[in-house]
Every structure is written in structure tokens, then in C-alpha cells.
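Following this note's numbering, the numbering of the sequence shown begins with 318 at its first residue and continues without gaps. Below is one structure, written out as C-alpha cells; comments come after it.
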Amino acid sequence: MIRSAFFRAAVALSASAALAVSIAPAAAATANAAPVVPQAAAQSAPSPQPAGCPEFVVLAARGSDQNEEYGEYFGPQQYSPHAAPSNGYEGANLSALFHLVEKRHPGTMDKVHVLALDPQAYPASMNLPPLAQEGEQLNPLQLIRRLGGVVMEHPLHELAYSVTVGFVHSLRTGMANAPRVVEKYERETGCQPRYITAGYSQGAIVATSAERYLAQRGKLAGAVYLGNPLSRPHGMAGWLPQRLLLQPAALPDSRRLNYCLDGDFVCDLNLASAHDALATKAARHASYFVEPSLGDAAFADSLATLLTPSSAGGL
Numbered sequence: 318m319i320r321s322a323f324f325r326a327a328v329a330l331s332a333s334a335a336l337a338v339s340i341a342p343a344a345a346a347t348a349n350a351a352p353v354v355p356q357a358a359a360q361s362a363p364s365p366q367p368a369g370c371p372e373f374v375v376l377a378a379r380g381s382d383q384n385e386e387y388g389e390y391f392g393p394q395q396y397s398p399h400a401a402p403s404n405g406y407e408g409a410n411l412s413a414l415f416h417l418v419e420k421r422h423p424g425t426m427d428k429v430h431v432l433a434l435d436p437q438a439y440p441a442s443m444n445l446p447p448l449a450q451e452g453e454q455l456n457p458l459q460l461i462r463r464l465g466g467v468v469m470e471h472p473l474h475e476l477a478y479s480v481t482v483g484f485v486h487s488l489r490t491g492m493a494n495a496p497r498v499v500e501k502y503e504r505e506t507g508c509q510p511r512y513i514t515a516g517y518s519q520g521a522i523v524a525t526s527a528e529r530y531l532a533q534r535g536k537l538a539g540a541v542y543l544g545n546p547l548s549r550p551h552g553m554a555g556w557l558p559q560r561l562l563l564q565p566a567a568l569p570d571s572r573r574l575n576y577c578l579d580g581d582f583v584c585d586l587n588l589a590s591a592h593d594a595l596a597t598k599a600a601r602h603a604s605y606f607v608e609p610s611l612g613d614a615a616f617a618d619s620l621a622t623l624l625t626p627s628s629a630g631g632l
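Okay, here's the thing in C-alpha cells:
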């Protein structure tokens, strides 16, 4: 009975993120709702661009706590010698994906710029104390003891409140600033590229929120998400009614790429994946492209196709 109670408490902590997903996107969508401009009206005649402008800009949002204070910032990334480096805030998983695309399809990233939301634009906060340390695999008894220690140090209701409020603030900040980051980039460079939104974990929610803004401007070329909590039906927010979730832009299936690893509790939530996440510091969720998986190559190939100029118009 004690074990069952502790496990339910642990799952409740994980589920607080799902609650935040339902609160923040719905609130942001209501506050910032705007009619979608028909495609013909949204597009305008292309204007001359400065030399060196990319064909595509990937608007990238990293996952929860992929920040410098957690040792998760690895500096600017150069995906092609012919493209400007990123600021490095796309996070390890998206970065590894983009490097794999260029490795498998040399030259694909030549006309691509990765524009990542930095900590000022998007904090990527979660602040949920891990039960397991990096590389650990806790058995049930160890898991119960660790959870007991966390609950003793941080009362469960206070911890759930702190995580939820921090997560919602992070999401709202990223959602509000993503369009501003795009506008600042275009203002400073004079470039008018097509955009692909890209997000991992929490960042998938933030990036999804930018889709309709880009579509209204006739500039959305695609969307790419890893470990997406908005995935239906098994994502952390997948059980919520569609009307409570962010409404993405209309994209053909070939231009919306979602990658969910089996057993990743964020997009494949069940008791087994939740238990595994708690016992291993969410190792499965953290493994996208930094550890090899069978679907990596096919997903990278699909993204390479999306980054082919002839394949992607602007919505």
C-alpha cells in the first residue's frame, strides 16, 4: 500500500506538467487569438533580399531545463561551413538531429539558419527535482526511498504548485516572444525566409504556438517535433479535449514531422513509461538523437526532404 501511494504521488508530479500544458496553451490561445488570414491574402510579392540570406530558418525551442546552469548548453553550432552558426540554444537533441541531416545529406544545411530561442526569450524551465541521477536505474524500493526524501524536503502540494507555475510561466514567455524573435531577425538581417518550427519536449509546445503566426504571414514551410507532449492520443496532454489545446496551423502530413520513441512518457504516456521515467531520470525521453535509435535515419531523411527548396512552399 505504501509503495502504491508513493508511486501515485510520483506520477502526480509528472502529471503536473500535463496540467500546465492544458492551462498555458489554452490561456495563450484565448489571449492571442486572431483569425487566420487566407493563404492568398497572406502572401505578398517577394522583395529583393540581401546576399547570403538563408532559404529556410528553423525556429527552434529546446526542452525543459536544457540550460547552462544544468550543464546543457554547448555553445554555438555550425551545421554547414556555408551557413551562419546558431546561438546554441536549440539544445542537444535538436542539434544532434540537424548535424545528422547534414551528415546524411551533405549541403542540405547550406541555406538553413537555426534561430533558437535564448533564455531571455524562453526560459525552458521545469525545476522538477530528479529522483534518479544520470545513468541510474532505480529499483522499486530505491525509487520509493528517493521519492520519500523529495516529499520530506518539498511537500508534495508545494512542489506540484511550483513546477506547474514555473512551467506555465516558461511556456507563456516563449509563446509571447517567439514572434518577436522572428521579427527582430528579419529587421536586423533584411532576410525574408520561409520558416520551419522545431521543438523538443516543452519546446514543442512553444514552437507549435508560433505556427499560426507564421502561417498568417505566408511563411510557414513545415514543423518538426521530438518528444511532443501534444501528440495524440498518448502524449501527456493527448487525453485533453482538442478545444483545450493549442490549434496548430494546417499543414500537409508530409510537412509536419513528429518523432516519438516508444516508452517516452512525454509522448507515449502509460504506467510503465512513467515508472521508467522516474527511475531513470527520463533517460528514454532524453535520448533523442544523442543515443542511436532505429527511426533516427528515416526521420532525418524526412527533415532533409522538407529542407529541399522545391518541396516547401509557404502557407
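Where is the CB? At the ideal position from N, CA and C, for every residue including glycine.
Positions of the beta strand (DSSP E) runs, each at least 3 residues long and wholly inside the region 533-613, are given as 537-543, 573-576 in order along the chain. Membership of ALA524 in the alpha helix (DSSP H) is indicated by the continuous run 519-526.
Under the DSSP assignment, HIS422 falls outside any alpha helix (DSSP H); it carries neither an H nor an E label. Taking C-beta separations shorter than 8 Å and ignoring five residues to either side along the sequence, the partners of ALA589 in its chain run GLY580, following chain order.
Membership of ALA433 in the beta strand (DSSP E) is indicated by the continuous run 429-433. In the DSSP assignment, GLY516 forms a beta bridge with ALA378, TYR542.
A check of alpha carbon separations from GLY552 across ASN410, ALA591, TYR512, PHE484 identifies ALA591 as the nearest. Nearest Cα to SER526 within the set LEU547, GLY507, GLN509, GLN383: LEU547. According to the DSSP secondary-structure assignment, PHE373 is paired through a beta bridge with VAL429, ARG511.
By alpha-carbon distance to ALA493, the top candidate from TYR530, GLU505, GLY507, GLN509 is TYR530. Taking the Cα positions, PRO550 is about 14 Å away from TYR576. The alpha-carbon separation between ASP382 and ASN545 amounts to approximately 16 Å. Taking the Cα of ALA521 as reference, the smallest distance to any Cα among GLY424, GLY369, LEU543 is reached at LEU543.
Just measuring C-alpha positions, the residue of LEU623, SER619, ASN410 sitting nearest GLY539 is LEU623. Excluding residues up to 5 positions away in sequence, TYR396, MET426, VAL431 lie with their Cβ nearer than 7 Å to the Cβ of PHE415 in the same chain. Here ALA621 has VAL418, HIS422, THR425 as same chain residues with Cβ atoms under 6 Å from its own Cβ, once five neighbours each way along the sequence are excluded. Taking C-alpha positions only, GLU505 is separated from GLY369 by approximately 13 Å.
Taking a 10 Å sphere around the C-beta of TYR387, we find fewer than 16 other C-beta atoms and assign the residue as exposed. Straight through space, the alpha carbons of TYR512 and PRO496 are spaced by roughly 12 Å.
A distance of 8 Å or more separates the beta carbons of GLN437 and SER412. The three-state reading of DSSP puts ASN404 in coil, since its state is none of H, G, I, E or B. Annotation for GLY380: GLY408, TYR517, SER518, GLN519, GLY520 place their beta carbon closer than 6 Å to its own, counting only its chain and skipping 5 residues before and after. Going by C-alpha positions, ALA400 is about 11 Å away from VAL374.
Of the residues ASN587, TYR390, PRO398, the one whose Cα lies closest to the Cα of ASN404 is TYR390.
Pairing LYS420 with PRO371 gives a Cβ-Cβ distance that is not under 8 Å.
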